[in-house]
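The sequence shown begins at 0 in numbering that gives the first Met the number 0 and counts up by one.
Glycine included, C-beta positions come from ideal geometry on N, C-alpha and C.
A short worksheet on the structure shown next.
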Amino acid sequence: MKKKEVVRRWACCGSALWWFAPVQAQMSPEGPVTRLPEVAVSATGVEEDTAGVPATISTIDAQQIDRGLVRTLRDLIRYEPGVSVNNDPNRFGANSFNIRGLEGNRVQMLVDGIRAPSLFQFGVGPFNNSTRSFVDLDSVKRVEILRGPASSLYGSDALGGVVSYMTKDPLDYLDLATSPFYGAFKSAFASADTGWANTGTVAYGTQLWQALAQYTYFGGSQQKNMGTDNSVGAGRTEPNPQDVRQQNLLLKGVLQPAPGHRVRATYEWFDRNSMTDVFSLNSTTPRTASISGDDDNNRQRYSLDYAYTNPARGWLAGFTANLYRQTSSTDSSSSETRVNTTAGCSGVFPGTNTCFIPRQFDFEQRITGLAAQLESLLDGGGIQQRILWGLDLSDTDSSALRDATIYNQTLGTVSKTLSGETFPLRDFPNTSTRQLGLYVQDQISLLDDRLVVTPALRYDDYRLKIHPDAIYLANVPPGVQATDFSDSAWSPKLALMYRVNADLNVYGNYAFGFRAPPFDDVNAAFRNPVQSYVLIPNPNLVSETSRGLEIGVKGRAGDSTFAVAAFYNRYKNFIDSSTQLDCPTDPNCVPGYLGTFQATNVARVRIYGVEAKGEWLLDRHWALAGSIAYANGRNETLDQPLNSISPLTGVAGLRYSAGAWGGSLNITGVSSKNSAASVGGVQPFLTPGFGLVDITAYWDISKNLRLAGGIFNVFDKEYWLWSNVGQTGLAATSPALDRYTQPGINVAVNLQLVY
């Protein structure tokens with residue numbers, strides 16, 4: 000896109016909008032607008048008005064999800080500049096969030112305070128991938144997105160920030176003053192993936208106890224794009240045919256035996272199955288004639304939590320404890336046919352044989368944990384203190400298995416060996432990871448509450464223990480041995496919030512971050528004798544660390560609200576999961592192999608940027624609102640751009656609300672990507688800038704019937720998201736560029752019946 004065109008679009012868009020803007024408003028039939036505070040828990044560990052929080056945090060509630068026609072993770076952050084979702088358009092779909100340039104397991108994801116399963120990707124063809132997309136958004140009452148290092152509260156894996164899902168409770172539906180029963184049915188359709196989602200909800204309760212049951216079933220297909228080539232091969236641009244089925248069950252029981260006491264039991268079951276014809280074949284294996292995949296992602300969670308709230312101030316003003324067990328699994332089956340290949344069924348070398356190769360990949364995680372937090376509210380000497388004392392203990396068991404059987408249909412032979420690999424095999428040993436975190440945070444209010452000083456400190460103890468079995472040991476490169484690993488870290492933070500006046504707050508925070516090396520980086524092992532390369536463990540890895548500064552302003556001026564933040568983060572000892580060693584000079588090189596790869600601490604990274612958001616209420620019905628995000632990142636070790644940084648992004652528009660009905664016009668503007676580091680020796684395709692227009696509307700037809708609809712990408716623009724292509728190695732000359740485009744004009748609608 001030409002530079003002048005980008006400038007014109009930004010001039011048209013103004014700064015930025017999200018119609019479900021960060022500040023909500025209550026419209027009264029007459030008189031002025033009353034603003035409702037936006038509350039969040041993730042930034043400070045307790046529920047607070049975000050206007051008084053010394054950090055950048057966004058919240059998205061259930062009403063915004065319904066009226067915004069949100070079904071996917073990409074929908075969720077559609078109007079959230081500075082946050083993106085990585086997506087594989089070929090088979091596996093959305094896998095993780097990116098916050099301010101950090102992604103994957105460097106962003107902590109929580110469901111009711113419980114860690115989401117780890118992202119696991121092992122680059123052995125299009126067969127092995129376990130995502131973090133294990134949440135159905137119809138079960139969520141609020142999503143909080145905290146930006147920046149948050150290790151002082153959340154420990155390892157919160158280098159980039161936190162995405163926290165809170166699932167719905169019975170009292171989110173019940174109005175016990177009028178009825179002990181609630182029932183609802185919601186049906187939603189989206190043309191982008193021809194998907195139908197149906198959700199049934201039932202709640203019942205009294206003042207003593209309440210119960211909730213909610214079930215969602217989704218059926219859809221592949222996400223559409225702007226591609227037109229439906230051939231079979233690496234140049235295909237139409238999406239691969241896909242059949243998707245997703246189910247989610249949420250059960251909750253709540254007991255309130257006395258004022259201030261609550262006991263809650265939760266069961267959650269999520270299952271997503273996708274069957275894909277991978278017509279976009281990999282050009283690196285030209286003997287492949289067809290691949291199909293059957294991927295199932297499953298998560299189950301059992302939890303029992305207790306909450307106590309004391310109406311009086313003191314050392315025991317509040318207490319929470321959560322005991323939980325979560326299991327997750329990814330089971331991926333792949334069926335591949337190779338033609339005109341060798342007797343050993345090579346994917347590269349020619350021959351006269353036809354081979355059929357079914358594969359199986361299984362990745363499992365089981366986590367058992369206890370989280371507890373004590374709140375103290377103290378007064379003395381004109382100083383008020385809000386102290387949090389926390390414990391976070393968890394044990395995680397991780398395992399993965401790859402298997403394959405090779406049928407040479409020409410020769411009539413059956414083998415368990417392919418390209419030098421003998422199946423079954425493990426790419427890392429079965430591993431147990433114990434994490435212990437202890438933290439304290441003290442919010443100190445001074446100068447009649449005009450100044451709030453918040454020091455925080457967390458100690459983390461991280462211990463990784465391996466359990467190698469015969470399958471793992473049989474496939475480890477010669478002379479290579481997996482090891483246990485342990486580390487500990489202190490993560491301090493200091494935040495200041497100063498209330499200049501009733502309408503203006505300024506703040507700053509300085510935080511340390513910490514991320515221990517994960518199991519698959521410490522002990523990953525793989526060998527390919529045919530192509531003569533190996534991947535070996537690295538027992539000498541050290542933890543990634545960060546130091547981040549954020550300063551900002553939050554305030555209001557008349558009918559306007561605004562927030563501006565600038566951040567500067569430095570990261571040390573970034574782990575590159577697959578560094579090629581300098582062989583044969585490096586002593587870690589494995590003899591007999593041309594190439595040796597190993598996870599190493601190689602990178603120093605710098606990321607800085609600016610974000611802003613605001614809202615202007617024009618009158619009781621009309622509002623302008625918006626947000627914008629700019630970031631710049633660089634790998635200082637290699638002196639090259641950081642490819643995980645998204646281009647300058649903002650949204651702008653107009654919202655109308657008349658209580659029972661309303662709508663919005665939203666304009667998204669994204670600048671072009673001007674530079675990027677090469678990926679695997681390939682200079683990646685630099686996405687052009689683009690502008691989008693979306694229109695949404697809602698109508699509460701009655702107290703029992705609600706309707707919402709939207710038209711997205713109204714002008715049918717072709718565009719690419721940098722988060723989908725930036726680290727794939729997709730070259731600017733690739734014939735498959737259009738396969739990575741997003742849907743053209745598309746519609747979504749949902750109808751909800753309440754009874």
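query, result
"Let's see if you can read the secondary structure: which residues bound the alpha helix (DSSP H) around residue 399?", "No alpha helix (DSSP H) holds residue 399; the beta strand (DSSP E) holding it covers 382 to 403."
"Give the secondary structure of residue 753 by DSSP, where H, G and I count as helix, E and B as strand, and everything else as coil.", "strand"
"Could you have a look at residue 473 and say whether DSSP puts it in helix, strand or coil?", "helix"
"Apart from the five residues on each side of it in sequence, which residues of its chain come closer than 6 Å, Cβ to Cβ, to residue 336?", "288, 289 and 355"
"Just curious, the alpha helix (DSSP H) that residue 722 is in, first and last residue?", "721 to 724"
"Just to confirm the assignment: which complete beta strand (DSSP E) runs, minimum length 3, are found wholly within the stretch 453 to 521?", "484 to 500 and 503 to 514"
"Which one of 340, 644 and 627 has the shortest CA to CA distance from residue 634?", "644"
"Contact between the stretch 427 to 438 and the stretch 449 to 469 is defined here as three or more beta-carbon pairs at a separation below 8 Å; is this criterion met?", "yes"
"Quick check on DSSP: helix, strand or coil for residue 705?", "strand"
"Mind checking which residues open and close the alpha helix (DSSP H) that includes residue 250?", "Taken as a continuous stretch (DSSP letters only), residue 250 belongs to no alpha helix (DSSP H), being part of the beta strand (DSSP E) at 241 to 254."
"Let me know if residue 24 comes out buried or exposed under the rule of 16 or more other beta-carbons within 10 Å of its beta-carbon.", "Residue confidence is low: residue 24 scores 43 on pLDDT, short of 50, so the model does not pin down where it sits. Its coordinate-derived value is still stated next. Buried, since its Cβ has 16 or more Cβ neighbours within 10 Å."
"Taking the alpha-carbon positions, what's the residue 20 to residue 37 distance?", "At residue 20, the pLDDT of 38 sits below 50, so the modelled position is not reliable; the number obtained from the coordinates is stated separately. If you take the alpha carbons of residue 20 and residue 37, they lie about 10 Å apart."
"Any idea if residue 195 is buried or exposed, counting beta-carbon neighbours within 10 angstroms, 16 or more meaning buried?", "exposed"
"Would you kindly report the start and end of the unbroken beta strand (DSSP E) that includes residue 93?", "92 to 98"
"Just confirm the distance between the C-beta atoms of residue 628 and residue 80, as a whole number of angstroms; I'd bet it's less than 8 Å.", "4 Å"
"Taking 8 Å as the cut-off, decide whether the C-beta atoms of residue 459 and residue 434 are in contact.", "yes"
"Do the CB positions of residue 112 and residue 169 come within less than 8 Å of each other?", "no"
"Work out the CA separation of residue 96 and residue 734 for me, nearest whole Å.", "28 Å"
"Rounded to whole angstroms, what is the Cα-Cα separation between residue 559 and residue 653?", "14 Å"
"So, is residue 321 buried or exposed, given that buried needs 16 or more other C-beta atoms within 10 angstroms?", "buried"
"By DSSP, does residue 448 sit in helix, in strand, or in coil?", "coil"
"Does DSSP put residue 27 in a helix, a strand or coil?", "Legend: pLDDT at residue 27 = 40, less than 50; position of this residue unreliable, value from coordinates given subsequently. Coil."
"Beta strand (DSSP E) containing residue 324: first to last residue?", "313 to 340"
"In angstroms with no decimal places, state the Cα-to-Cα distance between residue 7 and residue 672.", "For residue 7, the pLDDT reaches just 40, beneath the cut-off of 50, and the residue's location in the model is therefore unreliable, leaving the point undetermined."
"Tell me the DSSP secondary structure of residue 276 in three-state form.", "strand"
"According to DSSP, is residue 376 helix, strand or coil?", "strand"
"Let me check understanding here. Comparing Cα to Cα, which of 340, 694 and 277 lies closest to residue 334?", "277"
"Does DSSP classify residue 177 as helix, strand or coil?", "coil"
"Mind checking which residues open and close the alpha helix (DSSP H) that includes residue 64?", "61 to 66"
"Just to confirm the assignment, what range does the alpha helix (DSSP H) spanning residue 74 have?", "72 to 75"
"Applying the criterion that 16 or more other CB atoms from any shown protein chain within 10 Å of the CB defines a buried residue, is residue 749 buried or exposed?", "buried"
"Taking only three categories from DSSP, how would you classify residue 172?", "coil"
"Out of curiosity, what's the CA-to-CA distance linking residue 13 and residue 246?", "Summary for residue 13: the model assigns pLDDT 39, below 50, so the residue's position carries little reliability; its value from the coordinates is reported in the next sentence. The straight-line gap from Cα to Cα measures roughly 41 Å."
"Check for me: the beta strand (DSSP E) holding residue 153 runs from which residue to which?", "Where residue 153 is concerned, there is no enclosing beta strand (DSSP E), although the alpha helix (DSSP H) it sits in stretches over 150 to 153."
"Just reading off the beta strand (DSSP E) that residue 309 is part of, what are its end residues?", "Unbroken run through residue 309: none, as it is neither H nor E."
"Should residue 482 and residue 536 be called a contact, given that it needs their Cβ atoms to be closer than 8 Å?", "yes"
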